[in-house]
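**Q** My structure is below; once you've seen it, I'll send some questions.
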Amino acid sequence: MTRRRIDPLWWFLGAGTAIFVLAAFIDPDGADDASVIRVDRPVLEAYLASGGGNGLSETLSSGPLKLDDMSAETREALVARYIEEEALFREAQSWGLDQDDPAIRRRLGQSMRFALRPDAVTDPGDAELRKYFEANKADYAESDLVTFEHVFFDAARGGAENAAQRASAFKPGNDWQAAGDRFAYQRTYVGVRAEQVSAQLGEGFAEQVFALEPTPAWQGPIQSDLGAHLVRVVRHDKSGEPEFADLRPVVLDDWLRERQSSDLEKRVDAIVSSYDSQIDPALTQ
Amino acid sequence: MRAKAWPWLAIGTTAIVSSAFGFLAPQGEAALTDSESAAVATTDGQAVNRPYSPPLRKPAENNLYFGDLHLHTSYSPDAFLNGTRSVTPDEAYRFAMGQGVGADNGVPAKLRRPLDFIAITDHAEYLGVFPRLLNEDEELTRWPLGLEWLGYLQRNERAKIGVAFADAIQSTDSALRTPDAVNRSVWGEVADNADRYNRPGQFTALVGYEWTSMINGDNLHRVVLFRGDGTEAKKVLPYTAQDSTDPEDLWNALEQYEKAGVRTLAIAHNGNVSNGRMFAPVTISGQPLNAAYARKRSRWEPVYEVTQVKGDGEAHPALSPDDEFADFETWDQGNITLSQPKTKDMLPYEYARSALKEGLRHERKLGANPFEFGMIGSTDQHTGLSTANEDNFFGKFPESEPSDHRWREKMSAVLQQSWELTASGLAAVWAPENTREAIFDALKRRETYGTTGSRIRLRFFGGYGFAKGDINRPDYARVGYRHGVPMGGDLGRATNDGAPSFMVHAVRDPDGPNLDRVQVVKGWLDAKGKTHEKVYDVALSDGRKVGPDGKAPPVGSTVDVAKATYDNSIGEPELAAWWRDPDFDAGQPAFYYVRVIEIPRPRWTTYDMAYFGIEMPAEVPRTVQDRAYSSPIWYHP
Chain A
11 MTRRRIDPLW
21 WFLGAGTAIF
31 VLAAFIDPDG
41 ADDASVIRVD
51 RPVLEAYLAS
61 GGGNGLSETL
71 SSGPLKLDDM
81 SAETREALVA
91 RYIEEEALFR
101 EAQSWGLDQD
111 DPAIRRRLGQ
121 SMRFALRPDA
131 VTDPGDAELR
141 KYFEANKADY
151 AESDLVTFEH
161 VFFDAARGGA
171 ENAAQRASAF
181 KPGNDWQAAG
191 DRFAYQRTYV
201 GVRAEQVSAQ
211 LGEGFAEQVF
221 ALEPTPAWQG
231 PIQSDLGAHL
241 VRVVRHDKSG
251 EPEFADLRPV
261 VLDDWLRERQ
271 SSDLEKRVDA
281 IVSSYDSQID
291 PALTQ
Chain B
558 MRAKAWPWLA
568 IGTTAIVSSA
578 FGFLAPQGEA
588 ALTDSESAAV
598 ATTDGQAVNR
608 PYSPPLRKPA
618 ENNLYFGDLH
628 LHTSYSPDAF
638 LNGTRSVTPD
648 EAYRFAMGQG
658 VGADNGVPAK
668 LRRPLDFIAI
678 TDHAEYLGVF
688 PRLLNEDEEL
698 TRWPLGLEWL
708 GYLQRNERAK
718 IGVAFADAIQ
728 STDSALRTPD
738 AVNRSVWGEV
748 ADNADRYNRP
758 GQFTALVGYE
768 WTSMINGDNL
778 HRVVLFRGDG
788 TEAKKVLPYT
798 AQDSTDPEDL
808 WNALEQYEKA
818 GVRTLAIAHN
828 GNVSNGRMFA
838 PVTISGQPLN
848 AAYARKRSRW
858 EPVYEVTQVK
868 GDGEAHPALS
878 PDDEFADFET
888 WDQGNITLSQ
898 PKTKDMLPYE
908 YARSALKEGL
918 RHERKLGANP
928 FEFGMIGSTD
938 QHTGLSTANE
948 DNFFGKFPES
958 EPSDHRWREK
968 MSAVLQQSWE
978 LTASGLAAVW
988 APENTREAIF
998 DALKRRETYG
1008 TTGSRIRLRF
1018 FGGYGFAKGD
1028 INRPDYARVG
1038 YRHGVPMGGD
1048 LGRATNDGAP
1058 SFMVHAVRDP
1068 DGPNLDRVQV
1078 VKGWLDAKGK
1088 THEKVYDVAL
1098 SDGRKVGPDG
1108 KAPPVGSTVD
1118 VAKATYDNSI
1128 GEPELAAWWR
1138 DPDFDAGQPA
1148 FYYVRVIEIP
1158 RPRWTTYDMA
1168 YFGIEMPAEV
1178 PRTVQDRAYS
1188 SPIWYHP
């Protein structure tokens, strides 16, 4: 009654053999035979497009090098070049040269990081953002801005003391623009930050100008490395406390950025920690 | 019972098939997650916690602002395909504003001083398409070309996509155009983005794009800038090289913009890779230039980008053999794709000085000057990082971002070697305030100049009422505006046929090298219709004098090539001069512009040699003398 049952292994081996026989008919060369280098039109065109034909033509052609426009000789040279490149590439792989090449290792690491980049995260809502904002409040403080004019008395003409004396002799009713000496940079600074002032007039000068109250009167003289300056502060915009409501879009932007980069690092860390690193204790002593 | 075997067979077959696929499937970047086109960044409102106050308006003395009016990010297809992926427009704005940003090669980058203004000018053709393709934007993947490109991208077949893209960029085939809905949506994003970063008075973000025409590989590119805000810019769409490759059609399109209430201007660049087309005496269709062409061109193109990363375009040594400073970062191998070599007859139609002279010639014939342009510099970098300094240069594409081998990497894999790239340039603008409108208007009146990277400060006035001592007055600029014209202006004939005089004041970059000299470059047209040029040294450092041969002795050099250092023990921090043309002829039309030359400093490649401890071939120059070029002042008899 009982038909002899064929072991499934035989079914499997049989089917496998059938597939290989079939494959041999369809593709006699064997698609995955590493010792065969196939050169056909698509392969050569791709090679050309990737710059494989560089320097093959003797004159600069008017367009990209095309297979059909090539002389038989050039095409032969191109084919030979492709075969050599492909053969060396495969041989290098089989020798395992791709395993220890630092450039390839790093390039793969970069590709991995790129592949790991997290999707965009969405708005976490006010509560979370406000917390982030409070924690990083210092980053959102705007700089104070000052707007001022100055009359310059050049220390290069008779020394610093003389410059200060000439500055003190200035009559406020006079035409300020025609007073003093030529100045290399701005004579009117409009809505500038302290670092912009100090880049041209020195830190000490910037500090003093920011300490002055806006008045229509000329104040000073203030000394800079260049000479003496009478200063009229037109306005001083104090930055004040940063307000969450005004800055929400900026905070969201920063939160998202930070979140994305920390998510990426987490994914990288997860991969790193899935490996068991055994460190020679001599190294950590 | 037989059925029991099927699972085995199925598993076996699957194993074989999948292992075969494992071998056959190209290894690409597997997971293409992408945050770069996630348009979540926003920085508006950054300044709103204090009252905004309109700056002082002092017509007597403008303010000076430095910026970049030509920069590409991952939204430009060529930038993206060459590896600019993480530096999106958002990153580029942040970088320009002085924040630290990671370059695409992983190196952290930061500017020493923030820029005052920027225009991100990604290519109009396939603007923003590639980042969206990677995100598998639905609209784009329904578009056959998009789907094809996405395949290349996912299989990492960069070369294929490069070829397909080059074919498509100037094609008039409508199937190759970005779908309208995508185009509108990307342009909207670009325009809104500029609004988000624009902070009147502090940092200006101009809306812009680049029209990418290169007929047979001859560069005719133009940057298009908008005066208004994003809402205004969104009333129109970018004009592309697929619409037309003829600049006259671009100007007509800008005229249509204006009818819609949208004010724009165009800025051409890289005549040096146009193979004689940029300032040719004929139109694209081969007609000689006429008055209408001349008026249109001068109206829409008030300034020219004379210096940038692909070489300097002020002068060529073959055109100006008597000018010892004419051979500066010269690129004269061929056109932009290097598909045609350069020939000598092309040169007069490629360089700014020669074009200004050509302009005088045309003007006599046509009654209008087609080449009446001012000067700016900009970077044209495709890394999203606007870097023009020798000692902080991040290259043109990611392959020329800092590394010990970047100098020999070829641009875009097939073009010039990267050591030939120029760390340049900056646009300098004299304007009453740092706003879109004020900067745009300064460009229109050409009160601008270009530098090759340094923040050299330069004022230039021309007129008939300047006394010799005026340049030493504290209010010489007020005198200049009152009794003359600033750079970019025009002078008519004086009633007594007298010569105009000029005031020049140049100050070195506070962080940069001293100045070697200040020169006035004059070009003129004689009665026979022949053009001439002459370079005058009007201020020399270290007490040097022009010799009987008309040449001044060289300033010398403090550069230590091995250490990549220089010092300011030679040259002057400030040079000023009053100058009157000694060879003036009241009957000859002329132009005058200023060139300021710094003392030698290490070239960016020399900084690389010292930093990476590498050696480069002798053909790579070790030092440079960076410089500034003012807009001309024209004399019309």
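Sequence order for the protein chains is A and B.
Numbering-wise, our numbering puts 45 at position 35 of the first sequence, and it's gapless, one number per residue.
Numbering-wise, our numbering puts 1007 at position 450 of the second sequence, and it's gapless, one number per residue.
Ideal placement from N, C-alpha and C gives every residue a C-beta, glycine not left out.
Name, please, each residue of chain A whose Cβ falls closer than 9 Å to the Cβ of Arg1014(B).
**A** In chain order: Ala194 and Tyr195.
**Q** Give the DSSP-derived three-state secondary structure of His919(B) in the structure shown.
**A** Correct three-state label for His919(B): helix.
**Q** With distances taken Cα to Cα, identify the nearest neighbour of Arg699(B) among Ala732(B), Glu714(B), Asp673(B) and Arg669(B).
**A** For Arg699(B), the nearest C-alpha among the options comes from Ala732(B).
**Q** For the stretch 876-939 of chain B, which segments carrying the alpha helix (DSSP H) assignment without a break, of at least 4 residues, lie completely within its bounds, in sequence order?
**A** Runs of the alpha helix (DSSP H) inside the stretch 876-939 of chain B: 909-923.
**Q** With C-beta atoms as the reference, is Ala676(B) less than 8 Å away from Gly774(B)?
**A** Their beta carbons are not under 8 Å apart, which means Ala676(B) does not touch Gly774(B) by this criterion.
**Q** Is the Cβ of Tyr547(B) closer than 8 Å to any Cβ of chain A?
**A** Examination of residue 547(B) is not possible in this model, given that chain B is present from 558 through 1194 alone.
**Q** Which residues of chain B have a Cβ atom closer than 8 Å to the Cβ of Gln109(A), listed in chain order?
**A** Simply none; closest approach about 15 Å.
**Q** Name the chain B residues that come within less than 9 Å of Gln210(A), Cβ to Cβ?
**A** The contacting residues are Pro1067.
**Q** Measuring alpha carbon to alpha carbon, tell me which of Pro112(A), Val282(A), Pro252(A) and Val219(A) ends up nearest His160(A).
**A** Selected option, being the one with the closest Cα: Val219(A).
**Q** Along the stretch 732-766 of chain B, what residues have a CB closer than 9 Å to any CB found in chain A?
**A** The stretch 732-766 of chain B vs chain A, Cβ under 9 Å: Arg753, Gly758 and Gln759.
**Q** Does DSSP put Thr132(A) in a helix, in a strand, or in coil?
**A** Three-state result, Thr132(A): coil.
**Q** Among Pro905(B), Val739(B), Ser1011(B) and Gly1019(B), which has the Cα closest to the Cα of Pro838(B)?
**A** When each option's Cα is compared against that of Pro838(B), the closest is Pro905(B).
**Q** Ordered along the chain, which non-local residues of its own chain (more than five positions away) have a Cβ less than 6 Å from that of Ala1109(B)?
**A** Taken in chain order, the residues that qualify are Asp1094, Leu1097, Arg1101 and Val1103.
**Q** At a Cβ threshold of 8 Å, is Gly843(B) touching chain A?
**A** It does not: the Cβ of Gly843(B) has no partner Cβ on chain A nearer than 8 Å.
**Q** I need the straight-line Cα distance from Asp1068(B) to Glu947(B), nearest angstrom please.
**A** Distance between the alpha carbons of Asp1068(B) and Glu947(B): 12 Å.
**Q** With a threshold of 8 Å between beta-carbons, can Gln187(A) be considered close to chain B, or not?
**A** True, the Cβ-Cβ gap to chain B drops below 8 Å.
**Q** Using DSSP's beta-bridge definition, name the partner residues of Val244(A).
**A** The partner list for Val244(A) (beta bridge, DSSP) is empty, contrary to what the question assumes.
**Q** When DSSP builds the beta bridges, which residues end up paired with Asp164(A)?
**A** Note: Asp164(A) sits in a beta bridge opposite Gly237(A).
**Q** Run the CB neighbour count on Thr69(A), radius 10 Å, all protein chains shown included, and call it buried at 16 or more, exposed below.
**A** No answer about Thr69(A) holds up, because its pLDDT of 44 lies below 50 and its placement is not dependable.
**Q** Buried or exposed: Glu682(B), going by 16 or more other Cβ atoms within 10 Å of its Cβ?
**A** Classification for Glu682(B): buried.
**Q** Can you have a look at Glu1090(B) and say buried or exposed, based on whether 16 or more other CB atoms are within 10 angstroms of its CB?
**A** When all chains shown are included, Glu1090(B) counts as buried.
**Q** Which stretch, first to last residue, makes up the beta strand (DSSP E) that contains Trp105(A)?
**A** First-last for Trp105(A): undefined, no H or E at that position.
**Q** Listing by chain order, which chain A residues have their CB less than 8 Å from the CB of Arg1030(B)?
**A** Result: Ala188 and Arg192.
**Q** Would Tyr1192(B) pass as a contact of Val1078(B) if the rule is Cβ separation under 8 Å?
**A** Going by C-beta atoms, Tyr1192(B) is not nearer than 8 Å to Val1078(B).
**Q** According to DSSP, is Tyr195(A) part of a helix, a strand, or is it coil?
**A** Tyr195(A): coil per DSSP, three-state reduction.
**Q** With DSSP run on the structure shown, which of helix, strand or coil describes Thr1009(B)?
**A** Here Thr1009(B) sits in coil by DSSP.
**Q** Is it buried or exposed, Tyr1168(B), if we count other Cβ atoms within 10 angstroms and call 16 or more buried?
**A** Tyr1168(B) is exposed by the Cβ-count criterion.
**Q** Could you say which of Ala292(A), Leu293(A) and Arg258(A) lies nearest to Asp133(A) if we only look at CA atoms?
**A** Comparing Cα-Cα distances from Asp133(A) to each of Ala292(A), Leu293(A) and Arg258(A), the minimum goes to Arg258(A).
**Q** Whole angstroms is fine: what's the gap from Arg1030(B)'s alpha carbon to Gln229(A)'s?
**A** Whole-angstrom Cα-Cα distance: 22 Å.
**Q** Which residues of the stretch 699-727 of chain B have a Cβ closer than 8 Å to any Cβ of chain A? Give them in chain order.
**A** Residues Glu714, Arg715, Ala716, Lys717, Gly719, Val720 and Ala723.
**Q** Quick one: Cα of Pro583(B) to Cα of Asn713(B), how far?
**A** Confidence is the limiting factor: at Pro583(B) the pLDDT is only 35, short of 50, which leaves the residue's position unreliable and the question unanswerable from this model.
**Q** Compare the C-beta of Val658(B) against all C-beta atoms of chain A and say whether one is closer than 8 Å.
**A** Taking Cβ atoms only, chain A never reaches closer than 8 Å to Val658(B), which makes this a no.
**Q** Can you give the Cα-Cα distance for Pro1189(B) and Met1060(B), rounded to whole angstroms?
**A** Looking at the two C-alpha atoms, the distance is approximately 13 Å.
**Q** Straight-line CA distance for Gly1037(B) to Asp264(A)?
**A** One C-alpha to the other measures close to 47 Å.
**Q** Quick one: give me the first and last residue of the beta strand (DSSP E) that Ile289(A) is part of.
**A** It is not in any beta strand (DSSP E) - Ile289(A) carries neither H nor E in the DSSP assignment.
**Q** Would you mind telling me which residues of chain A sit closer than 9 Å to Val1064(B), beta carbon to beta carbon, in chain order?
**A** Result: Ala194 and Tyr195.
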